[in-house]
Amino acid sequence: MKAIRINAFGGPEVMQIEEVATPVPQPDEILVKMYASGVNPADYVVRQGGNEILKPFLKLPLGLGLDGAGEIVETGVDVTGFKKGDKVYGIPNFLSGTYAEFIAAKASQFALMPNNVSFNEAGAIPSCALMAWNGLDLGKVGAAHRVLIHGAAGGIGSLAVQFAKAKGAYVIGTASAQNFEFLKQLGADEVFDYKDENFADLLRHIDVVFDASPVFNANARMIMARALNDSGRFVSVQLPYPFGEEFLAILAEKHAEAKMVRRELDVAQSLTEIAKLIEQGKVSVVISKVYPMEKAAEAHTELETKHVRGKIVLEIRKES
Ligand SMILES: NC(=O)c1ccc[n+]([C@@H]2O[C@H](COP(=O)([O-])OP(=O)(O)OC[C@H]3O[C@@H](n4cnc5c(N)ncnc54)[C@H](OP(=O)(O)O)[C@@H]3O)[C@@H](O)[C@H]2O)c1
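Using numbering that gives the first Met the number 0, the letters of the sequence shown map in sequence onto residues 0 to 319.
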């Protein structure tokens, strides 16, 4: 089977399509014939050699890709709840690589994909959706909370806006001006440009900040922390960028909490609940571009601009 692999760290050109053995599923695993893989920031970070957290785990050669969608072609003997032919989406074990024609993955990391989307749409969802889902859970987002979503037009942000609306929250999104209309269509109640010189004055009475920006910016963090209500929650997806002392002091004054998103909830159950929201039409998947597997380098180059709207997808094989 074909898979994208790297034999050296570096620019997009280090990705090569190679012929490798089709994996054999373990007793608790499913073998998935892949149709689509999401393209996520972690893919280019791994390709470049990793960050403080990832570096110790990266041993070449490596496959790339965190998540995706496909059809089950085989189930391990201990797998229950799935059968051959099921269309599934999920996240296999980290660093096992979804830019591949087949993957073997723990069944507990997958769910039936929404029945009203294509493989390309389903493949774009899992990792970003789980980050947004866990993040809003950590922020205890509920009806009528004022929730600020920073980086709201991106892969995680565009889903977080819709999940927060589905929970009944009042959603304030940040984006560049060209994405204002897009965020309003997703359901945002207010939108601000994070580059606006009056950004700090625009933010008021926030119960929960969900920082889903791909850019680490201490100043933006401070501004958003200052806008929090007493006992508010600040949740960030920027795991490799720890909270600083000054930032934590602002939160302490407000008896507010700061948390980093980790995937703490049950993956299969979360993906099943997310699928329901999509089937009910409460959440839609925004794909800005689909690239064929041979154009993975172009897909990475585009994502690395950090201004993609919604998601980029790598199409592993065409859906008939
Ligand atoms: N994707 C995952 O599954 C995953 C998992 C774990 C951690 N993370 C981390 O989460 C972060 C976001 O991931 P993602 O997949 O959502 O990234 P992404 O899709 O590449 O994010 C792109 C969005 O970021 C916005 N943006 C760019 N510069 C910004 C700035 N200075 N301030 C605020 N927003 C800015 C852009 O909005 P405009 O174009 O409107 O400016 C764009 O829509 C990354 O740091 C990533 O490493 C992601």
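Don't be surprised by glycine CBs; every beta carbon is placed ideally from N, CA and C. Computed from a prediction, not measured in an experiment: that's the story for all the values here.
Suppose you measure from the CA of residue i to the CA of residue j; what does that come to, to the nearest Å?
{"i": "Val260", "j": "Trp132", "result": "10 angstroms"}
{"i": "Glu252", "j": "Ala35", "result": "46 angstroms"}
{"i": "Gly127", "j": "Glu189", "result": "Here residue 127 is Cys; the residue named in the question, Gly, does not match the sequence. Those two C-alpha atoms are separated by around 22 angstroms."}
{"i": "Leu57", "j": "Gly89", "result": "22 angstroms"}
{"i": "Lys166", "j": "Ala121", "result": "22 angstroms"}
{"i": "Lys32", "j": "Gly84", "result": "10 angstroms"}
{"i": "Ala296", "j": "Ile29", "result": "28 angstroms"}
{"i": "Asn6", "j": "Ser95", "result": "15 angstroms"}
{"i": "Ala142", "j": "Ser117", "result": "31 angstroms"}
{"i": "Leu137", "j": "Val234", "result": "7 angstroms"}
{"i": "Ser283", "j": "Pro239", "result": "29 angstroms"}
{"i": "Pro26", "j": "Leu227", "result": "48 angstroms"}
{"i": "Gly75", "j": "Lys82", "result": "10 angstroms"}
{"i": "Ser287", "j": "Lys139", "result": "30 angstroms"}
Taking the alpha helix (DSSP H) that residue i falls in, what are its first and last residues?
{"i": "Glu51", "result": "Glu51 -> no alpha helix (DSSP H), and no H or E assigned at all."}
{"i": "Glu252", "result": "Glu244 to Glu252"}
{"i": "Ala267", "result": "Val266 to Glu278"}
{"i": "Thr304", "result": "No alpha helix (DSSP H) holds Thr304; DSSP gives it neither H nor E."}
Grouping DSSP H, G and I as helix and E and B as strand, with all else coil, what is residue i?
{"i": "Ile222", "result": "helix"}
{"i": "Lys139", "result": "coil"}
{"i": "Asn334", "result": "Since the first residue of the chain shown is 0 and the last is 319, residue 334 is not available in this structure."}
{"i": "Ile155", "result": "helix"}
{"i": "Glu12", "result": "helix"}
{"i": "Lys258", "result": "strand"}
{"i": "Asn133", "result": "helix"}
{"i": "Ser319", "result": "coil"}
{"i": "Gly80", "result": "coil"}
{"i": "Ala104", "result": "strand"}
For residue i, count neighbouring C-beta atoms within 10 Å of its own C-beta (all shown protein chains included) and say buried if the count is 16 or more, exposed if not.
{"i": "Asn50", "result": "exposed"}
{"i": "Gln184", "result": "exposed"}
{"i": "Ile52", "result": "exposed"}
Using DSSP's beta-bridge definition, name the partner residues of residue i.
{"i": "Glu189", "result": "Ile171"}
{"i": "Thr74", "result": "Ile29"}
{"i": "Phe109", "result": "Gly89"}
{"i": "Asp210", "result": "His149 and Ser235"}
{"i": "Val162", "result": "The sequence shown places Phe at residue 162, rather than the Val named in the question. Beta-bridge pairing links Phe162 to no other residue."}
{"i": "Leu227", "result": "Ile205"}
{"i": "Gly67", "result": "Ser36 and Gly89"}
From which residue to which residue does the beta strand (DSSP E) around residue i run?
{"i": "Pro291", "result": "Ile286 to Pro291"}
{"i": "Val312", "result": "Lys310 to Glu314"}
{"i": "Ala46", "result": "The residue asked about is misnamed: residue 46 is Arg in this sequence, not Ala. Arg46 -> not in any beta strand (DSSP E); alpha helix (DSSP H) instead, spanning Pro40 to Gln47."}
{"i": "Ala2", "result": "Lys1 to Ile5"}
Would the beta-carbon of residue i be found less than 7 angstroms away from any heavy atom of ligand 2?
{"i": "His306", "result": "By its list of ligands, the structure shown excludes ligand 2, since it contains just ligand 1."}
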